[in-house]
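Novice:
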Amino acid sequence: MKSILLGAAALLALAAPAAAADMQPRTYAKAPAYTPPQLIYNWTGFYIGGHVGGAFAGDSSFQSSDARFLGGVQGGFDYQFAPNWVVGIEAQYSWLPTNNNGVTFPLGTQVTSNTDQLGSVTGRIGYTWGPALLYAKGGYAWRNGGLGVNVAGVPQGFTTTGNSKDGYTVGAGLEYMFAPSWSAKAEYQYYNFGSTTFTSGPADIVGVRGREDEHTVKVGVNYRFGWGGPAASRY
-4 MKSILLGAAA
6 LLALAAPAAA
16 ADMQPRTYAK
26 APAYTPPQLI
36 YNWTGFYIGG
46 HVGGAFAGDS
56 SFQSSDARFL
66 GGVQGGFDYQ
76 FAPNWVVGIE
86 AQYSWLPTNN
96 NGVTFPLGTQ
106 VTSNTDQLGS
116 VTGRIGYTWG
126 PALLYAKGGY
136 AWRNGGLGVN
146 VAGVPQGFTT
156 TGNSKDGYTV
166 GAGLEYMFAP
176 SWSAKAEYQY
186 YNFGSTTFTS
196 GPADIVGVRG
206 REDEHTVKVG
216 VNYRFGWGGP
226 AASRY
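The numbering of the sequence shown is this note's numbering, which starts it at -4 and goes up by one.
Okay, here's the thing in structure tokens:
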């Protein structure tokens, strides 16, 4: 029995190298190339933010055309659909410093128009690609301010038609998501409050008509409550 077992072991030892020689080499599949996930930017949701910029009165205004600083806040809601279009609504308030400059007429009468607050409630529509949104806006506008008339620094009595506090506004801008839930914007906005005509007062202003409007340029930052920025990943 012992000799039989020794013989079998010898046969197995001789057969193992031959069997190994007949085996085919193992093949390895190359791992697929890694494709990073594509970021999906979603504009749907509420936001709040702030802005700074400058205001410039129109050429036919009773207000000085010098640039004035403005700063303020805004808030709103956007909805993205179809899939690259965005519609929304926004409320905005801007503060401007008091402006004592005005327009001087031929007989020395000076008229000042001091708008120190601007507000608006607008709809907006835009087109988005990736983190960028190009939009237009328009709607209701409001202002706080009033006219003053003086001769050599002495206040004068007057009456007018118009001098409205309510008007309309239109504008356009570009907004960009630079981090999750954060976006920055640059915007032009025009405000129109109709026209004002002097019906009484110093002789050189009676019958004079002026347009009450403002051109503004702003930059701002918005915080979007969890909806902004990369909302998902797509492979």
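Here a beta-carbon is modelled for each residue, glycine too, at the ideal position from N, C-alpha and C.
Just to confirm my understanding: we take Arg219, look at its own chain, exclude 5 residues before and 5 after, and list those with CB closer than 6 Å. What are they?
Specialist: The residues are Gly40, Tyr42, Ser176.
Novice: Going straight from the alpha carbon of Gly121 to that of Val47, what length do you get?
Specialist: Taking the straight line from one Cα to the other gives about 22 Å.
Novice: Cβ atoms of Gln75 and Thr123: under 8 Å apart, would you say?
Specialist: In this structure, Gln75 lies closer than 8 Å to Thr123 by Cβ.
Novice: For Thr107, which residues from the same chain have a beta carbon less than 6 Å from its beta carbon, with the 5 sequence-adjacent residues on both sides left out?
Specialist: These residues qualify, in order along the chain: Gly97, Gly143.
Novice: Can you name, in chain order, every residue of its own chain whose Cβ lies under 8 Å from the Cβ of Thr156, other than the five neighbours on each side?
Specialist: Within the same chain, Thr156 has close Cβ partners Thr191, Thr192, Thr194.
Novice: Can you check which of these residues, Arg138, Thr110, Tyr186, is closest to Thr93 by C-alpha distance?
Specialist: Here the closest residue by C-alpha is Thr110.
Novice: Among Ala167, Gln151, Asn139, Val216, which has the Cα closest to the Cα of Asp199?
Specialist: Asp199 has its Cα closest to that of Gln151, out of Ala167, Gln151, Asn139, Val216.
Novice: If you draw a straight line from the C-alpha of Asn145 to the C-alpha of Asn37, how long is it?
Specialist: About 55 Å.
Novice: Measuring only the C-alpha atoms, how far is Gly103 from Phe64?
Specialist: For Gly103 and Phe64, the distance between alpha carbons rounds to 28 Å.
Novice: Can you tell me whether Thr164 is buried or exposed? The criterion is at least 16 other CB atoms within 10 Å of its CB, across all chains shown.
Specialist: When all chains shown are included, Thr164 counts as buried.
Novice: Based on Cα-Cα distance, which residue from Gly168, Gly83, Gly53, Ile35 lies nearest to Asn187?
Specialist: Ranking the options by Cα distance to Asn187, first place goes to Gly53.
Novice: For Tyr130, count the other beta carbons within 10 Å of its own beta carbon; 16 or more makes it buried, fewer makes it exposed. Which is it?
Specialist: Under this definition Tyr130 is a buried residue.
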